[in-house]
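Engineer: Quick one: structure below, then a few questions.
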Ligand SMILES: [Zn+2]
Ligand SMILES: [Zn+2]
């Protein structure tokens, strides 16, 4: 990896051998970027992300901030900072619209959201999408929360919380199984005409795999997820954030699954999942 991101121009991409190099012909688009509206991210400005994108040789980016959580859902994380506040949504749309105009000469900025799929909150999520959907160019549907014994838990918050959830479910295997079940449910859910077209980080349950590994490979579950993505005409978020996570060390999904998806004809869209301008980079 380049210490100086200014040197990581598009000609230098795909240096990382963990990445399936044929997944996308050339990285000229980053479809998963966070913003200063993220309460667990950085305060880096929208302009600083655009400048960084241009310096990397990108042509298109999507600002995909965590959408406000659905009405009535209580964020289970300690600081309740998983998503943008509902009261910030209008300002987010206004500011991304303004930056889209400002950078139109150099960069195609798509206005998007990373929407949570929360099992049991489909109606509320659909209502949110019906309201905000017409303002969006692009969006992602992701699973971060699982319903465990009547309570919602965030699986990627910390290794400790991951271990506690696995213990409550009986095993790491059981956590993985529930994660893949929920991802499959997200693909099949009726979220209305503005349902996101791209499914986020389908193997996020592997974020802490160097600490807690499942014994099963879940090949069948992954195949079922890819088949459902294909049938529904959706895209896959080829998310590299896992490569920067000390206990993960691979993309979401890993390259074998990216290859499988590509072979099936599923469009893969590179996503850095950057939460800072410096996090917007190539691998
Ligand atoms: Zn985030
Ligand atoms: Zn996410």
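Residue numbers (the UniProt record's numbering): 1 to 283.
Every residue gets a Cβ at the ideal spot worked out from N, C-alpha and C, and that includes glycine.
#1: I need the DSSP call for residue 143, collapsed to helix, strand or coil.
#2: Check whether the Cβ of residue 273 sits closer than 8 Å to any heavy atom of ligand 1, and report yes or no.
#3: Kindly examine ligand 1 and report whether one of its heavy atoms sits closer than 8 Å to the Cβ of residue 201.
#4: Within the present structure, is the beta-carbon of residue 279 separated from the nearest heavy atom of ligand 1 by less than 8 Å?
#5: Would a C-beta distance cut-off of 9 Å place residue 140 and residue 198 closer than the cut-off?
#6: Answer yes if the region 214–234 comes into contact with the region 98–114, meaning at least three C-beta pairs across the two stretches below 8 Å, and no otherwise.
#7: If we count Cβ pairs, one from each stretch, closer than 8 Å, do we get three or more for the region 84–102 versus the region 141–159?
#8: Could you say which of 129, 243, 248, 69 lies nearest to residue 302 if we only look at CA atoms?
#9: Would residue 170 and residue 147 be called neighbours here (beta carbons separated by less than 9 Å)?
#10: Strictly under 9 Å for the Cβ-Cβ distance: is residue 108 near chain B by that measure?
#11: Could you tell me which residues DSSP pairs with residue 96 in its beta bridges?
#12: Using three-state DSSP, classify residue 276 as helix, strand or coil.
Structural biologist: Short version:
#1: One-based indexing of the chain shown puts residue 143 at position 143. Residue state, collapsed to three classes: coil.
#2: Walking along the chain shown from the start, residue 273 turns up at place 273. Yes, ligand 1 has a heavy atom inside 8 Å of this Cβ.
#3: Residue numbering aside, residue 201 sits at position 201 when the chain shown is read from its first letter. False, no ligand heavy atom lies under 8 Å from that Cβ.
#4: Translated into the one-based positions of the chain shown, residue 279 becomes position 279. Flag unset: Cβ of residue 279 not near ligand 1.
#5: If you number the chain shown from 1, residue 140 lands on position 140. If you number the chain shown from 1, residue 198 lands on position 198. Their beta carbons are under 9 Å apart, which means residue 140 touches residue 198 by this criterion.
#6: no
#7: no
#8: Beyond the ends of the chain as shown, which are 1 and 283, falls residue 302; an answer cannot be given.
#9: Here residue 170 is taken as the residue at index 170 of the chain shown, counted from 1. Here residue 147 is taken as the residue at index 147 of the chain shown, counted from 1. Their beta carbons are not under 9 Å apart, which means residue 170 does not touch residue 147 by this criterion.
#10: The structure shown contains no chain B, having only a single protein chain.
#11: Counting from 1 along the chain shown, the entry for residue 96 is found at position 96. DSSP lists no partner for residue 96.
#12: Along the chain shown, one-based indexing puts residue 276 at 276. Note: residue 276 maps to coil in three-state DSSP.
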